[in-house]
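This note's numbering puts the first residue of the sequence shown at 14, with every later residue one more than the last. Just so you know, even glycine gets a beta-carbon here, dropped at the ideal spot from N, CA and C. Down below is the structure, laid out as structure tokens.
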Amino acid sequence: MQLPKTFHFGEDHLTAGIALGIADGSIKEVVTDHCFEKIKASSLRVQNIVAKGDTVYGINTGFGPLCNTKISKEDTRILQSNILQSHSVGVGQPIDQKLSKLMLILKIHALSKGFSGIAVATIQRMLWHLENDAIPVVPSQGSVGASGDLAPLSHLFLPLIGLGKVDHEGKTITTDELFKKTGLKPLELGPKEGLALINGTQFIAAHAVLVVQKLQYALRHADVIGAMMLEGLQGSMKPFHEKLHEVRPFKGNQHVAGRIRTLLQGSEILEDHIDCERVQDPYSLRCIPQVHGASRNAWLHLKELLEVELNAVTDNPVIIDDELTISGGNFHGQPLAMALDYAALAASELGNISDRRVYLALEGNSPGVPKLLMEDTGINSGYMILQYTSAALASENKSLCFPASADSIPTSLGQEDHVSMGSISGRKALNIIENVEKILAIELLTAAQAFEYRKPLKSGILLDEIHKFVRTKVSFAKSDRVFADDIEQGIEMIQKGEIIALVEQVMADKKLQWNTPHQVEFEMY
14 MQLPKTFHFG
24 EDHLTAGIAL
34 GIADGSIKEV
44 VTDHCFEKIK
54 ASSLRVQNIV
64 AKGDTVYGIN
74 TGFGPLCNTK
84 ISKEDTRILQ
94 SNILQSHSVG
104 VGQPIDQKLS
114 KLMLILKIHA
124 LSKGFSGIAV
134 ATIQRMLWHL
144 ENDAIPVVPS
154 QGSVGASGDL
164 APLSHLFLPL
174 IGLGKVDHEG
184 KTITTDELFK
194 KTGLKPLELG
204 PKEGLALING
214 TQFIAAHAVL
224 VVQKLQYALR
234 HADVIGAMML
244 EGLQGSMKPF
254 HEKLHEVRPF
264 KGNQHVAGRI
274 RTLLQGSEIL
284 EDHIDCERVQ
294 DPYSLRCIPQ
304 VHGASRNAWL
314 HLKELLEVEL
324 NAVTDNPVII
334 DDELTISGGN
344 FHGQPLAMAL
354 DYAALAASEL
364 GNISDRRVYL
374 ALEGNSPGVP
384 KLLMEDTGIN
394 SGYMILQYTS
404 AALASENKSL
414 CFPASADSIP
424 TSLGQEDHVS
434 MGSISGRKAL
444 NIIENVEKIL
454 AIELLTAAQA
464 FEYRKPLKSG
474 ILLDEIHKFV
484 RTKVSFAKSD
494 RVFADDIEQG
504 IEMIQKGEII
514 ALVEQVMADK
524 KLQWNTPHQV
534 EFEMY
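Spelled out as structure tokens, the structure:
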């Protein structure tokens, strides 16, 4: 299943993978003439509402608690410019440029569906920013995730009216500087346009896109590294037997167990201890399918909900047709907020069990593997202190797991009396995943060290190749050294996806296939 080369905004089905492809330039984005006709028709409907004088929220009324304040026909345009300025109250460090670009992509797609009353010229300017990589600067804090992500979206679209800042050609510049360089002029927003721009869940959804990408990478690495640790500590393969997972058929559990079976296929290490007297392994080895699998299930849930949101209209009011305009709550971030909190917990547990395997590797209870993963201890502390770092990161993640969506503080003088806090859910989830990447890097180093003590026995071809690759970056440790340097190498291998790329390459070369029943669901987004 391959991603398309071209994506039609407002018409095609958007996924996290396609959004990321548009952001990195590997997928070309297009708005067709047919789509522009839909956009134009919706804009005309708004103009007709203004002409007739019908009272419609946000078109000719104030906002929030000012919804009963009627705005004159002459002032409807000023209203839209004012809302961008008054709602630009974000604080904190700017979000990553990739997130801002994703916000822009998601908003163009939603507005291009023709239910928002946006003008063609406004969509064309948004496309210009995307195509010319002039990406608005958006602060990270300030959204409560209810009337859409008001503050971050306001900052995202300040450049349309000549305000705010953009990242362009490697520099952060003011929009005024951008206009002087390019000859662009500020847009004059029509009725409802400002509201259409800032109502929506694109800040939350952009974070969810990155969570889907980064958590899936963490999950894939966790299976591979867990399998290497299983080999290093001579764990049993019985807990991964296909028949066991058929009688408790959670998709994630079956998928993980199948991946471990594939990774250990042909292992001499397994054969060497197949008749050993040990009855059961500790849970951190034995329950890899159940724990990693539960996190897989959480990831799948987020992916499915996110796809709905990516193809939804989330502003307000929604212009259905010539006769029907609905002021509703499609902007409320609760559907993604709860799923992101669930994904954050799933990521944290992935790091938690990884830290337990690191600790297990240090105990010296596996035949042939010395305590602290080093033979000459006393003068050397071995890998002891690496687990302090993984423990600290796992504990930090636990403190970040309080669900932001469990909280609500009324805003807008009580008009917005329940909010999702989904923007915080998204930011926390990404923080947790970054910590998990570091924990997995530490497990990778300890697993590779334990794996070394199994020589001259070989594992399956996949794990042997991974171990060889790790050793090109980090050498076997016979004595103490500055392990922070090793950890940095491990983090880099994980964040760059080098290990996953190696696995895929070896599988292609050797014509191997994953022995999993849910491959497409869990490996495609």
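Of the residues the options, the one placed nearest residue i, counting alpha carbons only
i: ALA8; options: GLN347, LEU515 and TRP527; result: With the chain covering 14 to 538 only, the question about residue 8 has no answer from this structure.
i: GLY127; options: GLY30, GLU465 and LYS51; result: LYS51
i: GLY364; options: GLN400, LEU163, VAL43 and GLY203; result: GLN400
i: ILE504; options: ILE452, MET397, ARG467 and GLN518; result: ILE452
i: SER433; options: GLY158, MET116, LEU92 and ILE40; result: GLY158
i: LEU298; options: SER39, ALA460 and ILE118; result: ALA460
i: LYS509; options: PHE535, GLU447, ARG494 and PHE496; result: GLU447
i: LYS441; options: MET351, ASP499 and THR195; result: MET351
i: ASN343; options: PRO330, LEU353 and LEU386; result: PRO330
i: LEU283; options: ALA490, LYS256 and LYS251; result: LYS251
i: ALA374; options: LEU337, GLN462, ILE513 and LEU358; result: GLN462
i: LYS18; options: ALA32, LEU33, GLN229 and SER39; result: SER39
i: GLU456; options: PRO469, SER472 and PHE496; result: PHE496
i: LYS184; options: ILE148, GLY196 and THR214; result: ILE148
i: ALA235; options: ARG309, TYR296 and ILE287; result: ARG309
i: LEU470; options: GLY439, PRO199 and ASP285; result: ASP285
i: SER472; options: PHE22, LEU515, ALA270 and GLY245; result: GLY245
i: LYS468; options: THR402, VAL69, VAL449 and PHE489; result: PHE489
Opening and closing residue of the alpha helix (DSSP H) in which residue i lies
i: ASP46; result: 46-65
i: PHE253; result: Run containing PHE253: none; DSSP gives neither H nor E here.
i: PHE192; result: 188-195
i: GLN347; result: 347-375
i: LYS227; result: 215-245
i: GLN400; result: 399-413
i: VAL519; result: 511-523
i: THR135; result: 133-144
i: LYS481; result: 474-486
i: GLY38; result: Unbroken run through GLY38: none, as it is neither H nor E.
i: PHE263; result: Careful: PHE263 lies outside any alpha helix (DSSP H) and carries neither H nor E.
i: ASP499; result: 496-508
i: TYR70; result: Segment: none, TYR70 is in no alpha helix (DSSP H) and carries neither H nor E.
i: SER297; result: 296-299
i: GLN532; result: 532-536
i: GLY127; result: Taken as a continuous stretch (DSSP letters only), GLY127 belongs to no alpha helix (DSSP H), as it is neither H nor E.
i: ILE392; result: Run containing ILE392: none; DSSP gives neither H nor E here.
Same chain only: Cβ atoms within 8 Å of residue i, ignoring 5 sequence neighbours per side
i: ASP335; result: ARG58 and ASN61
i: ALA29; result: ALA221, VAL222, VAL225, GLN226, LYS316, LEU319, GLU320, LEU323 and TYR538
i: SER94; result: ILE174, GLU201, LEU202 and GLY207
i: LEU8; result: Residue 8 lies beyond the range of the chain shown here (14 to 538); nothing can be said about it.
i: SER129; result: SER55, ALA123, LYS205, ALA209, VAL326, ASP328, VAL331 and ILE332
i: SER379; result: GLY245, LEU246, GLN247 and ALA463
i: VAL519; result: ILE474, LEU475, GLU478 and LEU525
Residue range of the beta strand (DSSP E) that includes residue i
i: PHE464; result: Segment 435-465 is the alpha helix (DSSP H) holding PHE464; no beta strand (DSSP E) there.
i: GLU42; result: 41-43
i: THR19; result: 19-21
Contacts around residue i, its chain only, beta-carbon distance under 7 Å, and the 5 residues preceding and following it disregarded
i: LYS523; result: ILE474
i: GLU259; result: none
i: LEU24; result: The sequence given here places Glu at residue 24; Leu does not occur at that position. Result list for GLU24: THR45 and CYS48, in chain order.
i: VAL63; result: ILE72, ASN73, LYS86, THR89 and PRO204
i: LEU124; result: ILE131, ILE136 and ALA209
i: ILE35; result: PHE20, GLU42 and ILE118
i: SER156; result: ASP162, LEU163, ALA164, PRO165, PHE216 and SER436
i: MET397; result: LEU375 and LEU385
i: ALA356; result: VAL224, LEU228, ALA311, TRP312, LEU315 and ALA442
Contacts around residue i, its chain only, beta-carbon distance under 6 Å, and the 5 residues preceding and following it disregarded
i: THR275; result: TRP527 and ASN528
i: MET139; result: ILE121
i: HIS431; result: SER421
i: ILE108; result: VAL151 and SER153
i: ASP294; result: GLY248 and SER249
i: ILE513; result: ARG233
Contact with chain D by residue i, beta-carbon distance below 7 Å
i: HIS345; result: The structure shown contains no chain D; it is built from a single protein chain.
Inset, instruction - Tell me, please, whether the segment 256-267 touches the segment 473-485 by the rule of three or more beta-carbon pairs shorter than 8 Å. - result: no
Legend entry - Complete alpha helix (DSSP H) runs within the segment 85-123 (minimum length 4 residues, chain order): 89-99
Legend entry - Three-pair Cβ contact test at 8 Å for the segment 401-410 versus the segment 310-328: no
Inset, instruction - Jot down the residue ranges of each uninterrupted alpha helix (DSSP H) in the segment 152-185, minimum 4 residues, whole runs only, in chain order. - result: 163-170
Legend entry - Cβ contact check for the segment 239-252 and the segment 168-181: 3 or more pairs under 8 Å: no
Legend entry - Touching by the beta-carbon criterion (3+ pairs, under 8 Å), the segment 98-106 and the segment 143-155: yes
Inset, instruction - State whether the segment 366-376 contacts the segment 414-427, with contact taken as three or more CB pairs (one from each stretch) at a distance under 8 Å. - result: Segment contact: the segment 366-376 against the segment 414-427, fewer than three CB-CB distances shorter than 8 Å; contact not assigned.
Inset, instruction - Note down, one range per segment and in chain order, each beta strand (DSSP E) of at least 3 residues found wholly within the segment 304-334. - result: Counting whole runs of 3 or more residues, the segment 304-334 contains no beta strand (DSSP E) stretch at all.
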